[in-house]
Amino acid sequence: MKPKFIMGPAAAQQTATVPKFWNVSSVGEDEGEITLYGDVMSQQPIDWWTGEPEPGLYITPEGFMEDLAAVKDKGHITVKLNSCGGDLYTGIAIHNALKALAGEVNVVVEGIAASAASVIMCAGDTVTVYPGSLVMIHGVSVMLWDSLNIQDMKQLIKGMDASERAVAEIYNAKTGIAVDTLRSMMTKETWLTGREAMEKGFADALKEDEEDPDMSMSADRKILYVNGVGHNIEGLRNVPGTIPIHKSAKPAARPGANKRPTNQAAKIKGGKHQMTLEELRAQEPDLVSQIEQDARNVAQTQANADAVTAERQRLAEIDSIAATIPDQQLVHDAKYGEKPCTAQELCFRVMQQSAASGQSFLANYTADGAASGTAKVGAAPNGGAATTQQEQDAADIQTVVAAYNKSKGGTN
0 MKPKFIMGPA
10 AAQQTATVPK
20 FWNVSSVGED
30 EGEITLYGDV
40 MSQQPIDWWT
50 GEPEPGLYIT
60 PEGFMEDLAA
70 VKDKGHITVK
80 LNSCGGDLYT
90 GIAIHNALKA
100 LAGEVNVVVE
110 GIAASAASVI
120 MCAGDTVTVY
130 PGSLVMIHGV
140 SVMLWDSLNI
150 QDMKQLIKGM
160 DASERAVAEI
170 YNAKTGIAVD
180 TLRSMMTKET
190 WLTGREAMEK
200 GFADALKEDE
210 EDPDMSMSAD
220 RKILYVNGVG
230 HNIEGLRNVP
240 GTIPIHKSAK
250 PAARPGANKR
260 PTNQAAKIKG
270 GKHQMTLEEL
280 RAQEPDLVSQ
290 IEQDARNVAQ
300 TQANADAVTA
310 ERQRLAEIDS
320 IAATIPDQQL
330 VHDAKYGEKP
340 CTAQELCFRV
350 MQQSAASGQS
360 FLANYTADGA
370 ASGTAKVGAA
380 PNGGAATTQQ
390 EQDAADIQTV
400 VAAYNKSKGG
410 TN
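Written out as structure tokens, the structure reads:
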């Protein structure tokens, strides 16, 4: 009998186009970075038919332990974690290897740290989460490839109980929560958001000034996509119902730590080789062509949506000032005429029309004044001799009457 203790579902099915990735690298004189994305496995799965390694994202101990030498002497080490867990003993081994590092270890949950990955998470001297990060703890399960008798089952149960106690002790060292309470939480399969993980002591810092992880589920609720990485969640019972459903799978995103040196001859420290676009195009021309076409379609859809939004905004701004414009034809033309314009341009057209109307009014007023003959009327009808106020008022009235009669063709 060869029991295999796991915390988390089996490895997610990946397409051949998904890159295998995990990375340990030196990013500074005293800084190291470890990226752990994918399923925690005792070794990379092998295709039974071909004998070739199965493509996918896997966290395996043999490669991890070898590449850990790249950062073992660094004073500050950042671990970027995004995993739904898997093999328990691998998770514990990686946890212990990280705890053994001399430098300060900061684990950043970039998406999800579930099951065995939550054990790895607790190796951090500090654990940083986003409000939208997920942390999940639950009890161990076992996969068997043998026939069992009662004694075998009893031994198996003892082993599972010891494994759960070990995991609960790791959680207790991080959170301070009593072991019995933790085991009860594990039995219930407890899911925590980033903020809840902080409150429970699983995390030490919350990144509220950055975007939350991008998280969605497949339509059949079997695959959880976190930052573009697919995680098999079959068998998990209490996955939060707030995670949106997407019918189409997203391509796996490469973590930011994996950067190809500008000098092609340079040796890459740790991790695996990352193909350039040209290499990928030569190897998978149909795939690259499809990705590029999808990108163009997305860009065109976004451009169309932006154009509709801009047009709605333009009409709304015109409507907001329409009531103050006397000539509603100007408003109609600004919206739907041969030369549509913005609200600002409409205001300019109104000003132009008002200026033209004012010039016409002044011209007509001047012409009317000239035709009235008032320009020929003297200011002092008596030749400038002094008069009383009563006489002056009478003279003024007579002058106005005479000018009016003359403009109408009458006599003085």
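Heads up: the sequence shown is residues 0 to 411, going by numbering that gives the first Met the number 0. Ideal Cβ placement from N, Cα and C applies to all residues, glycine included.
Proximity below 8 angstroms, CB of residue i to CB of residue j
i	j	result
V139	V108	no
G110	P243	no
L181	A167	yes
I136	M185	yes
L329	V307	no
A218	V128	no
M216	I222	yes
I91	A165	yes
Rounded Cβ spacing between residue i and residue j (contact assumed at less than 8 angstroms)
i	j	result
V104	G123	5 angstroms
C121	I232	Between I232 and C121 the Cβ distance is about 21 angstroms, and since that is not below 8 angstroms, they are no contact.
D151	A115	That pair is no contact at about 24 angstroms.
I93	I76	I93 to I76, Cβ: 13 angstroms. No contact.
T174	G200	3 angstroms
R220	E188	At roughly 15 angstroms, the Cβ-Cβ gap does not stay under 8 angstroms, so R220 and E188 are not in contact.
I324	A342	Incorrect: roughly 10 angstroms between the Cβ atoms, too far for contact.
V39	I58	5 angstroms
T228	G37	Contrary to the premise, residue 228 reads as Val rather than Thr in this sequence. Confirmed, about 7 angstroms.
N81	N296	No, N81 and N296 are not in contact; Cβ-Cβ is about 28 angstroms, not under 8 angstroms.
Limits of the unbroken alpha helix (DSSP H) element including residue i
i	result
T186	178 to 186
Y88	87 to 98
I149	149 to 174
L235	From DSSP, L235 is part of no alpha helix (DSSP H); its letter is neither H nor E.
G329	Note on identity: in this sequence residue 329 is Leu, with Gly being the wrong assignment. Taken as a continuous stretch (DSSP letters only), the alpha helix (DSSP H) holding L329 covers 327 to 335.
M197	193 to 199
Contact test: residue i Cβ vs the ligand NAP heavy atom, cutoff 7 angstroms
i	result
I242	Absence of the ligand NAP from the depicted structure is noted, as is the absence of any ligand whatsoever, leaving it without description.
Nearest to residue i (by Cα), restricted to the options the options
i	options	result
E195	K187, E188, L205, T186	L205
S132	G90, A113, L100	A113
L35	D29, H75, L97	L97
Y335	R164, A218, R311, S217	R311
E207	M197, I317, M214, E283	M197
F30	I176, A177, M40, L67	Contrary to the premise, residue 30 reads as Glu rather than Phe in this sequence. Comparing Cα positions, the closest option is L67.
W190	L155, S215, G240	G240
A100	D145, K153, K338, D72	Note on residue identity: the sequence assigns Leu, not Ala, to residue 100. Nearest C-alpha to L100: D72.
R313	L345, N81, N303	L345
T89	E53, S162, E51	S162
I33	A69, P339, A298, E209	A69
N-terminal and C-terminal residue of the beta strand (DSSP E) that residue i is part of
i	result
Y224	222 to 225
S146	That residue, S146, is in no beta strand (DSSP E); it is neither H nor E in DSSP.
K79	75 to 82
G110	103 to 113
E30	30 to 36
V134	133 to 136
M214	214 to 216
Beta carbon proximity, residue i to chain C, threshold 8 angstroms
i	result
S215	Chain labels in this structure do not include chain C; a single protein chain is all it has.
DSSP beta-bridge partners of residue i
i	result
G229	Y224
T125	N105
A204	T127
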